[in-house]
Each structure stands twice: as structure tokens, then as C-alpha cells.
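Take the sequence shown: its letters are residues 1 to 112, numbered as in UniProt numbering.
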Amino acid sequence: TLDDNALSDDPSPGGAAVALGLVNATVRPASITGISDQIRERYFYSMADLAVGGRCKCNGHASRCVYDKLGKMVCDCKHNTAGADCEKCKPYFADRPWGRATSEDAHQCMRE
1 TLDDNALSDD PSPGGAAVAL GLVNATVRPA SITGISDQIR ERYFYSMADL AVGGRCKCNG
61 HASRCVYDKL GKMVCDCKHN TAGADCEKCK PYFADRPWGR ATSEDAHQCM RE
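In C-alpha cells form, the structure reads like this:
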């Protein structure tokens with residue numbers, strides 16, 4: 001269950017923060033033994049708790065993601081970078097070629 005405040009900043013319709021689609025989800029419980037496959041196929045299974053982790057791919061130029069005007073998660077870019085994944089320099093900040101940030105070098109885009 002979700003806390004009532006968990007989605008308070010979620011701009012998506014109906015407050016659904018994440019749309020999760022499962023296709024061909026297969027459950028093969030190891031604990032059911034000694035039963036024929038034909039009988040086992042009649043059992044019903046459910047998932048009570050499902051946790052899915054995720055992160056933004058910001059090329060080292062952001063520490064968090066925010067919702068854009070369309071309700072899509074995008075990187076909160078720093079270092080004068082732009083784009084959904086901070087994959088380019090902002091206009092007029094291309095004096096230094098764009099590069100992924102590392103622990104040694106932020107590869108900050110510089111003003112022309």
C-alpha cells in the first residue's frame with residue numbers, strides 16, 4: 001500500500017506515479033513438490049508485494065529526476081547540460097564538448 005502523501009507531487013492523471021505492465025509473468029514456485037504438472041496448473045497464485053526499483057540515467061549530471069510539463073520523469077540537469085538525460089550542453093554552452101560526468105571530472109559545459 002502507498003502512503004497518502006507518497007504521490008502528492010505526482011502530476012500524472014489519477015495520481016498513478018508508475019504504470020507497470022507485466023507481460024507473460026511466470027511464477028514457478030519451488031515449494032510445491034510431489035504434485036503432477038496437470039494438477040499444479042490448476043493452482044492460482046498472486047503477488048502480495050511487488051517492489052520495483054528505478055533510477056534516472058542522467059550521465060552523472062543530475063542527482064534527481066523531476067516531472068516535466070507532460071508528466072514524464074526527466075533529469076534535473078546541472079553542469080549547464082540539457083535534455084531528458086542531460087545528454088547535451090545547453091545552447092551557448094558548447095565551448096567544451098559534452099561528456100559524461102565522472103568522479104574525477106564533472107565535464108561541465110562551458111559558455112562559448
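No residue lacks a Cβ here, since even glycine has one placed at the ideal position from N, Cα and C. Just so we're clear, the structure is a prediction, and the values are computed from it rather than from any experiment.
Counting only the same chain and skipping the five closest in sequence on each side, list residues whose C-beta sits under 6 Å from that of Ala84.
Reading the sequence shown from its first residue, position 84 is the one you call residue 84. Answer for Ala84: Val74, listed in chain order.
Residue 119 vs Cys77 beta-carbon contact at 8 Å:
Nothing about residue 119 can be read from this structure; the chain reaches only from 1 to 112.
Nearest-angstrom Cα distance between Cys58 and Cys109?
Position 58 of the sequence shown, counted from the first residue, corresponds to residue 58. Position 109 of the sequence shown, counted from the first residue, corresponds to residue 109. Those two C-alpha atoms are separated by around 14 Å.
To the nearest angstrom, how far is the alpha carbon of Trp98 from that of Lys88?
The count along the sequence shown starts at 1 and reaches residue 98 at position 98. The count along the sequence shown starts at 1 and reaches residue 88 at position 88. Near 6 Å, if we compare the C-alpha coordinates of Lys88 and Trp98.
Determine the direct distance from the alpha carbon of Ala48 to that of Ala106, and round the result to whole angstroms.
For the purposes of this step, residue 106 is taken as the residue at position 106 of the sequence shown. For the purposes of this step, residue 48 is taken as the residue at position 48 of the sequence shown. As the crow flies, the alpha-carbon of Ala106 is around 42 Å from that of Ala48.
Which residues in the same chain as Phe93 place their Cβ atom closer than 6 Å to its Cβ, once the five residues preceding and following it in sequence are excluded?
Working through the sequence shown from its first residue, we reach residue 93 at position 93. Excluding sequence neighbours, Phe93 sits near Asn80, Cys109 and Arg111.
Going by Cα to Cα distance, which pick from Cys56, Ser63 and Gly60 is closest to Lys72?
Position 72 of the sequence shown holds residue 72. With distances taken between Cα atoms, Lys72 lies closest to Cys56.
From the beta carbon of Gly71, is the nearest beta carbon of chain C less than 8 Å away?
In the structure shown, chain C cannot be found, because there is only a single protein chain.
Return the first residue and the last residue of the beta strand (DSSP E) that Met73 is part of.
Mapped onto the sequence shown, residue 73 falls at position 73. For Met73, the enclosing beta strand (DSSP E) begins and ends at Met73 to Cys75.
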